Amino acid sequence: MSVIELTEENFDETVENGTSLVDFWAAWCGPCKMQSPIVDAFAEKHPEVKVCKVNVDEQPALAMRFEIMSIPTLMVFRGGQSVNKTVGLSDMAEIEEMCR
Amino acid sequence: MDGSACDILILGAGPAGISAALTAHARGRTVLVLGADPMASPLARAERIGNYPGLAGMSGRDLLSAMLGDLERAGIKRVTGRVTGVVSFGGRFMVSAEQDVYQAGALILAMGAQQRAKPIPGETELLGRGVSWCATCDGMLYRGKRVAVLSLGGEGERDAAFLRSIGCDVLCFDPTQAKNAQIEGTDRVTAVTVGGKKHAVAGVFVLRDTVAASALLPGLAMRDGHVAVDGDMAASIPGVFAAGDCVGRPYQIARAVGQGNTAALAADGYLKERDK
Chain A
1 MSVIELTEEN FDETVENGTS LVDFWAAWCG PCKMQSPIVD AFAEKHPEVK VCKVNVDEQP
61 ALAMRFEIMS IPTLMVFRGG QSVNKTVGLS DMAEIEEMCR
Chain B
101 MDGSACDILI LGAGPAGISA ALTAHARGRT VLVLGADPMA SPLARAERIG NYPGLAGMSG
161 RDLLSAMLGD LERAGIKRVT GRVTGVVSFG GRFMVSAEQD VYQAGALILA MGAQQRAKPI
221 PGETELLGRG VSWCATCDGM LYRGKRVAVL SLGGEGERDA AFLRSIGCDV LCFDPTQAKN
281 AQIEGTDRVT AVTVGGKKHA VAGVFVLRDT VAASALLPGL AMRDGHVAVD GDMAASIPGV
341 FAAGDCVGRP YQIARAVGQG NTAALAADGY LKERDK
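Laid out in structure tokens, this is it:
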């Protein structure tokens with residue numbers, strides 16, 4: 001499944017149903033550039049999870065709302081509720097565990 | 101993906117890393133050496149190396165210059181920078197240093213003895229909740245806010261200048277002040293206390309020249325605060341090797357050079373086996 005770019009406008013409606021993985025990232029962040037292809041591969045492998053990205057540079061309000069203080073941060077939402085959050089790089093196995 | 105790819109990426113540009121790089125290069129491997137400036141290391145301040153055969157009491161600085169000269173003559177690429185992350189993906193390792201990303205089939209850890217550095221009180225508990233190890237990664241999230249830089253290496257001023265340039269209000273503490281600092285907060289950082297004085301801050305950047313191997317590679321087996329290795333210098337994660345002071349005492353140049361050599365041969369063997 002393709003990765004969904006989230007903004008303030010589409011965030012809530014996107015994560016409202018099912019399981020969503022959200023990658024908070026920015027272009028200036030080296031580790032984010034490594035997280036991104038892993039998240040993309042996760043999306044390919046797990047079509048049952050909505051895989052989304054938030055560019056914290058362009059979406060400061062979302063970064064503030066979810067108290068993103070360090071990137072990359074990954075969050076998992078179920079039915080609109082945040083159920084998991086990790087700060088720092090995660091590999092495929094760790095992302096799969098988070099979304100289980 | 102930007103940055104460059106190589107067969108063997110060596111983290112650390114001291115005697116172990118340089119030795120590993122020369123051996124891997126001689127085996128036909130593409131190599132990149134990534135790490136802090138070796139001329140800022142304790143070895144560069146050694147007045148006289150008395151026990152390395154054949155060097156007749158050369159100074160640490162001259163020895164490092166000679167070793168770095170070997171790298172240069174071999175045409176081995178070296179990048180000075182702080183490694184901020186390592187992750188394994190698709191049978192390769194990705195390594196970020198500042199804002200750049202590098203890829204390799206095998207890693208050799210040769211980042212020196214700083215593995216035992218004690219965390220600052222509050223650092224581990226509040227990491228990702230106001231504590232950051234990477235100014236270029238997280239600085240932008242603190243624009244317009246007051247932050248503290250706890251500089252535990254030689255690069256703190258540069259990072260403080262970067263943070264100021266993007267609009268942070270920066271308090272910078274040098275290594276002498278920083279090592280006795282205390283980070284405060286329960287859910288998130290609220291203050292830092294240095295020299296008995298409490299400063300309200302939204303974030304604290306704890307900056308060391310080298311991030312500990314165990315923090316870069318979660319799950320890496322350690323032994324007494326050093327990277328655990330077998331006789332071939334293989335660490336617990338396949339494709340990761342280690343050499344020099346980061347694997348333990350005695351902290352000696354001759355030992356580091358020998359281990360770097362062994363690690364490079366083992367990494368070459370690992371890649372050959374993998375590509376069969």
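Those protein sequences? They're chains A and B, same order as listed.
Residues 1 to 100 (this note's numbering) make up the first sequence, in order.
Residues 101 to 376 (this note's numbering) make up the second sequence, in order.
C-beta atoms are modelled at their ideal positions from N, C-alpha and C, and glycine is treated no differently.
As the structure is a computational prediction, the values presented were derived from the model and not from experiment.
Reduced DSSP category for residue i - H, G, I as helix; E, B as strand; rest coil
| i | result |
| --- | --- |
| A:Asp40 | helix |
| B:Thr184 | strand |
| B:Ile220 | coil |
| B:Val131 | strand |
| B:Met322 | strand |
| B:Gln277 | helix |
| B:Gly103 | Caution is warranted here: a pLDDT of 47 is assigned to B:Gly103, below 50, making its placement in the model unreliable, and the coordinate value is therefore given only provisionally. Three-state result, B:Gly103: coil. |
| B:Asp287 | coil |
| B:Asp137 | coil |
| A:Asn17 | coil |
| A:Ile4 | strand |
| B:Met333 | coil |
| B:Leu241 | helix |
| B:Arg258 | helix |
| B:Leu227 | strand |
| B:Val454 | No statement about residue 454 of chain B is possible, as the shown extent of chain B runs from 101 to 376 and does not include it. |
| B:Arg349 | coil |
| B:Ala156 | coil |
Anticipated Cβ contact below 8 Å, residue i with residue j, distance rounded
| i | j | result |
| --- | --- | --- |
| B:Gly114 | B:Gly344 | 6 Å |
| B:Arg246 | B:Ala291 | About 10 Å separates the two Cβ atoms, so there is no contact after all. |
| B:Arg229 | B:Cys268 | So it is not a contact: roughly 17 Å between Cβ atoms. |
| B:Cys106 | B:Thr184 | Incorrect: roughly 18 Å between the Cβ atoms, too far for contact. |
| B:Glu198 | A:Gly30 | 6 Å |
| A:Gln59 | A:Glu13 | About 15 Å; that fails the 8 Å criterion. |
| B:Gly295 | B:Leu226 | That pair is no contact at about 20 Å. |
| B:Ser232 | A:Ser70 | 5 Å |
| B:Tyr351 | B:Ala213 | 6 Å |
| A:Val56 | A:Phe77 | That belief does not hold up - the Cβ atoms of A:Val56 and A:Phe77 are roughly 17 Å apart, past 8 Å. |
| B:Met211 | B:Leu143 | B:Met211 to B:Leu143, Cβ: 13 Å. No contact. |
Limits of the unbroken beta strand (DSSP E) element including residue i
| i | result |
| --- | --- |
| A:Phe77 | 73–78 |
| B:Lys297 | 297–300 |
In DSSP terms, what residue i is bridged to
| i | result |
| --- | --- |
| A:Trp25 | A:Asn55 |
| B:Ile118 | Answer by DSSP bridge pairing: none, since B:Ile118 is not bridged. |
| B:Asp200 | B:Ala197 |
| A:Phe11 | In DSSP, A:Phe11 forms no bridge with anything. |
| A:Val87 | A:Thr73 |
| B:Leu209 | B:Leu111, B:Ala342 |
| A:Gln81 | A:Arg78 |
| B:Phe305 | B:Ser232, B:Val249 |
| B:Thr293 | B:Gln282, B:Lys298 |
| A:Val49 | Answer is none; A:Val49 lacks a bridge partner. |
| B:Cys268 | For B:Cys268, which the question treats as bridged, DSSP gives no partner whatsoever. |
| B:Arg145 | Paired residue(s): none; B:Arg145 is not in a bridge. |
Delimiting residues of the alpha helix (DSSP H) encompassing residue i
| i | result |
| --- | --- |
| A:Ala61 | 60–65 |
| B:Thr236 | 235–238 |
| B:Lys372 | 353–374 |
| B:Asp162 | 160–174 |
| A:Ala93 | 92–99 |
| B:Leu316 | 313–316 |
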